[in-house]
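Student: In this note's numbering, the protein residues as written are 4 to 271. Ideal Cβ positions, reconstructed from N, Cα and C, are used throughout, including at glycine.
#1: Does the region 46 to 54 come close enough to the region 92 to 102 that 3 or more CB-CB pairs lie under 8 Å?
#2: Grab me the residues of residue 253's own chain with a C-beta within less than 8 Å of its C-beta, minus the 5 sequence neighbours each way, in chain order.
#3: Checking 8 Å against the spacing of the C-beta atoms, do residue 238 and residue 226 come in under that value?
#4: Could you say if the region 38 to 48 and the region 8 to 19 meet the contact criterion of at least three C-beta pairs nearer than 8 Å?
#5: Drop a sphere of 10 angstroms on the beta-carbon of residue 250, count the other beta-carbons inside from all chains shown, and report buried for 16 or more, exposed for fewer.
#6: Using only alpha-carbon positions, find the residue among 96, 20 and 105 that is nearest to residue 113.
#7: State the start and end residues of the unbroken beta strand (DSSP E) segment that holds residue 250.
#8: Please report the distance separating the alpha-carbon of residue 68 from that of residue 263.
#9: Near residue 24, what residues of its chain come up, given a Cβ to Cβ distance below 6 Å and the 5 sequence neighbours on each side ignored?
#10: Figure out for me which residue from 229, 59 and 19 has the closest Cα to the Cα of residue 89.
#11: Alpha carbons only, please: which of 258, 244 and 248 is nearest the one belonging to residue 38?
#12: Buried or exposed, going by whether 16 or more other CB atoms sit within 10 Å of the CB of residue 19?
#13: Quick one: is residue 152 buried, meaning 16 or more other Cβ sit within 10 Å of its Cβ, or exposed?
#14: Hey, quick one: how far does the beta strand (DSSP E) through residue 190 stretch, first residue to last?
#15: Rounded to the nearest angstrom, what separates residue 193 and residue 205 at their Cα positions?
#16: Mind checking who residue 186 pairs with in its DSSP beta bridge?
#17: Please return the same chain residues whose Cβ sits closer than 6 Å to the Cβ of residue 66, not counting the five positions on each side in sequence.
#18: Would the region 178 to 188 and the region 147 to 167 be scored as touching if the rule is three or more Cβ pairs under 8 Å?
#19: Indicate whether residue 171 and residue 149 have their beta-carbon atoms separated by less than 8 Å.
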């Protein structure tokens, strides 16, 4: 685990690394790249954050991450010079306040189906932006980003209106959730024309409104493809995916290498 301390902001007004990476994406000089945490733990977050990401998302919706762990991981990520993003469990004001108070550089709101409002918080947040409390409150609406997740037919139908809401910065597509809410098997989303058409519609709505567009991805290949399609913000896998994929592959390989029925000649 790296022990160096770095700043996650790039200007005296608190502009974050996330925002800088989105500027880069807008100029089509490379995507805003992140990682996804489903497991709790300061050490895990501190280990993952310096691996090349612009941001790391703490998934409090589907992950095993409670309020205390959220605070610890936000601190771990920001101290590594990377922007912490929190996906809250639901669109509840108190959940947004907790994420804002702990210093999240952005909040991802799941299941956004209609247009709404945004807000800002304080408390422990200024330290994550290298600011005083006054400086944070002065610039919070400029520096804290709001990402809304489009994951149902209703949300897709309303995506242009949602994108037009002042203060919403990004529309995000989680293809598994979108496919599932549309009545399909989630993991087949890439082969389902209706899901792909909906994804393109969300992308266009974001661009027409001058907002960013994000897409979930489980691999570098998918992330790159979505960037080239026009999306600005992509992850490349998740902690649970990396762990299960590597361990299952190596366990399978070990069984093959030690299988008594496998001859030495076959292995060579």
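Tutor: So, to answer that:
#1: no
#2: none
#3: yes
#4: no
#5: exposed
#6: 96
#7: Taken as a continuous stretch (DSSP letters only), residue 250 belongs to no beta strand (DSSP E), being part of the alpha helix (DSSP H) at 242 to 261.
#8: 43 Å
#9: 35 and 57
#10: 59
#11: 244
#12: buried
#13: buried
#14: Neither: residue 190 is in no beta strand (DSSP E) and is coded neither H nor E.
#15: 15 Å
#16: Residue 186 pairs with nothing; no bridge assigned.
#17: 41
#18: yes
#19: yes
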